[in-house]
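Let me begin by presenting the structure, written as structure tokens, before commenting on it.
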Amino acid sequence: MTPTPHHGLRTDRAVAVIGLAFRLPGADTPEDFWRIIRDGTDCITRFTDEELAAAGVPAERYEAPDFVGASGILDDITGFDAPHFGMSAREAQLTDPQQRLFLECAQHALENAGYPDERDGSRVGVYATTGYHLYTLETYQLNNVLPSTPVADWMAGMQIVTGNAPDFTATRTAYRLGLTGPAVNVQTACSSSLVAVQTAAQALLADDCDLALAGATAVHVPQVLGYQYVKGSILSKSGRLRAFDAGADGTVGGTGVAAVVLKRLDRALADGDTVRGVIRGWGVTNDGADKKAYSAPSAGGQRAAVRRALDRAGVGADTIGYLETHGTGTLKGDPIEFDGATAAFREDTDRTHYCALGSTKANIGHLDVASGLAGLIKTLLVLEHGVVPPMANFTTPNPLLALDGSPFYIPAAARPWPEGDHPRRAGLTSLGIGGTNVHLVLEQAPEPAPRPAAAAAPPDVLLVSGSSEEALAANALAFRDRLRERPGTPLADLVT
Numbered sequence: 378m379t380p381t382p383h384h385g386l387r388t389d390r391a392v393a394v395i396g397l398a399f400r401l402p403g404a405d406t407p408e409d410f411w412r413i414i415r416d417g418t419d420c421i422t423r424f425t426d427e428e429l430a431a432a433g434v435p436a437e438r439y440e441a442p443d444f445v446g447a448s449g450i451l452d453d454i455t456g457f458d459a460p461h462f463g464m465s466a467r468e469a470q471l472t473d474p475q476q477r478l479f480l481e482c483a484q485h486a487l488e489n490a491g492y493p494d495e496r497d498g499s500r501v502g503v504y505a506t507t508g509y510h511l512y513t514l515e516t517y518q519l520n521n522v523l524p525s526t527p528v529a530d531w532m533a534g535m536q537i538v539t540g541n542a543p544d545f546t547a548t549r550t551a552y553r554l555g556l557t558g559p560a561v562n563v564q565t566a567c568s569s570s571l572v573a574v575q576t577a578a579q580a581l582l583a584d585d586c587d588l589a590l591a592g593a594t595a596v597h598v599p600q601v602l603g604y605q606y607v608k609g610s611i612l613s614k615s616g617r618l619r620a621f622d623a624g625a626d627g628t629v630g631g632t633g634v635a636a637v638v639l640k641r642l643d644r645a646l647a648d649g650d651t652v653r654g655v656i657r658g659w660g661v662t663n664d665g666a667d668k669k670a671y672s673a674p675s676a677g678g679q680r681a682a683v684r685r686a687l688d689r690a691g692v693g694a695d696t697i698g699y700l701e702t703h704g705t706g707t708l709k710g711d712p713i714e715f716d717g718a719t720a721a722f723r724e725d726t727d728r729t730h731y732c733a734l735g736s737t738k739a740n741i742g743h744l745d746v747a748s749g750l751a752g753l754i755k756t757l758l759v760l761e762h763g764v765v766p767p768m769a770n771f772t773t774p775n776p777l778l779a780l781d782g783s784p785f786y787i788p789a790a791a792r793p794w795p796e797g798d799h800p801r802r803a804g805l806t807s808l809g810i811g812g813t814n815v816h817l818v819l820e821q822a823p824e825p826a827p828r829p830a831a832a833a834a835p836p837d838v839l840l841v842s843g844s845s846e847e848a849l850a851a852n853a854l855a856f857r858d859r860l861r862e863r864p865g866t867p868l869a870d871l872v873t
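For the sequence shown, the working numbering assigns the number 378 to the initial residue and increments by one for each residue that follows.
Laid out in structure tokens, this is it:
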């Protein structure tokens, strides 16, 4: 039997986001991240000479006039509860922090979705992407880890390979968390994490799995590093990312880890899962040879990805009120993306200035393969809160943008986004060097089914546990903070 459409949506052909977890510059909870987005905060860190010196950056490097000491960073990337994941201290030490943090994030996402351990035989797929393994490529492991942990046998050598190469992130996660669906690594450069989401969504519709975990990890070790500005490169001379702005002078990198849990929408609604948002359609293309160079973007390829997503979603571009762009802050790259989106939207509508543009990179930096998932989580929060956020660091439009008469505007301040004749809808774009473009059409979550009125009950008791005293204390503090953020929340909504 075909499920009843929801605002024209076949719920058996759409995908629900039912859980999420992340560690991003300046935020590791939805509440913190939303404050950053809503307020247009720039969370990129500018390192002092003292911080750079303490991190081992040579003075002749950071004192050079072309050096830029800026990046989006995470707090405490070394902390890891190895015994909880069945790993020895030595194995954890030999493992790239990217894989360690991904394991934690994956478990937290499943917990957030309400599927921490007991999954009733559900097949859970893992679709993961991993950034450059700088833990080994930058010789951090060689200089700082191996002297105290010498590799004297074949097994230790294999631990280094499987703990650092990006080929093993998905399968390590499946092994450590006991997940029996497909375990697939996805690598399409900067668009990898949204391609992982699209691949996971396809797998759910094909019944390859019952739940899908899509995630990305991009952790640069060491984090306090900076970069040398080279004229003509994509990196910012100022160390400030200004997407679509006249002062845009390039991108700024960052570190982040994120994961979402996906389920077919009809099954999520039937099972009573908490739906954070709906992935209604998607499109993936490659530019082929239709561009000036291998690493150059193509407006035509991007237009095609947007059109495929809209067509699959069965909605017109005139219903999209917010577009989260790739938005790297390069003077010429942003206008190419703008032209591609404009061409795609103009196939449906002549309306002007009705769709807001955003780029989370302006808030937290370009997170390499994790950038698309950061944009997805941001867009889910925008849909959920019904507020169009400002573009961070934006003052004056890039003169190469044909904004006048276009469908788009760039918000300088937060503004309400009320529902109209249809649920709030947003587009989300991610682009990869090499030409793989991906676009998603997202929709706000449907209203949950009403709960029966609860009878008066005595005060609840919340049992908190942890695998160690430290973990127990951390879990207790997390529950306390959540209850302070949302007073009156039923305890049943916090436990799984």
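Ideal placement from N, C-alpha and C gives every residue a C-beta, glycine not left out.
Cβ shell of residue i (< 8 Å), same chain only, five flanking positions each side left out
i	result
A686	G658, W659, G660, G804, H816, L817, V818
A851	G843
A676	I713, E714, D716, G717, A720
H762	W411, R415
T546	Q475, Q476, F479, A505, T506, T507, N562, T594
H485	A398, A636
G654	A393, V394, T756, L757, L760, E761, L819, E820, Q821, A822
Contacting residues, own chain, Cβ-Cβ under 7 Å from residue i (five flanking each side not counted)
i	result
R400	L451, L478, C482, G633, V634
R553	F462, G463, L480
T548	A560
Contact under 7 Å by Cβ, residue i with residue j
i	j	result
A826	D419	no
V746	G508	yes
L750	S570	yes
S879	T696	The chain is shown only over 378 to 873; residue 879 falls outside these bounds and no answer can be derived.
D711	F621	yes
A578	V392	yes
N814	T662	yes
L639	A589	yes
R619	A625	yes
P402	G631	yes
G811	A583	no
For residue i, the first and last residue of its enclosing alpha helix (DSSP H)
i	result
K755	748 to 762
C482	474 to 490
G678	676 to 690
T546	546 to 554
R412	407 to 416
Y439	436 to 439
K738	738 to 741
R644	642 to 648
E427	426 to 431
T662	No alpha helix (DSSP H) contains T662, which is instead part of the beta strand (DSSP E) from 654 to 663.
E468	466 to 471
L744	No alpha helix (DSSP H) holds L744; DSSP gives it neither H nor E.
L777	Careful: L777 lies outside any alpha helix (DSSP H) and carries neither H nor E.
L571	569 to 582
Own chain, CB closer than 6 Å to residue i, minus 5 neighbours either side, in chain order
i	result
I414	K755, P766
A551	V503, A560
D587	S499, R500
E824	none
V601	F424, E428, A432
D858	none
P380	Unreliable placement is indicated for P380, whose pLDDT of 44 sits below 50; the coordinate value is still reported in the next sentence. Cβ within range, chain order: T388, D389, D643.
D650	I395
W531	Bear in mind that a pLDDT of 48 at W531, under 50, signals an unreliable position, so the number given afterwards is only what the model happens to contain. Excluding sequence neighbours, W531 sits near nothing in its chain.
H730	Y786
S807	S568, L571, H703, G749, V815
Residue interval of the beta strand (DSSP E) (run including residue i)
i	result
A721	Unbroken run through A721 is the alpha helix (DSSP H), 710 to 723; no beta strand (DSSP E).
L805	802 to 808
E796	No beta strand (DSSP E) holds E796; DSSP gives it neither H nor E.
Y671	Element bounds for Y671: n/a, residue is neither H nor E.
A505	501 to 507
V815	813 to 820
A560	560 to 562
L700	699 to 701
One or two residues paired with residue i in a DSSP bridge
i	result
H730	Beta-bridge pairing links H730 to no other residue.
L639	V394, A589
Y606	Y606 is not bridged to any residue.
S448	T422
T565	C567
D622	P774
R387	Beta-bridge pairing links R387 to no other residue.
Whole-Å CB distance - residue i paired with residue j, under 8 Å assumed
i	j	result
L708	N775	7 Å
V445	Y606	5 Å
V629	G742	5 Å
S613	G706	7 Å
The ligand GTP heavy atom lying under 6 Å from the CB of residue i
i	result
R549	You won't find the ligand GTP in this model; it holds no ligand whatsoever.
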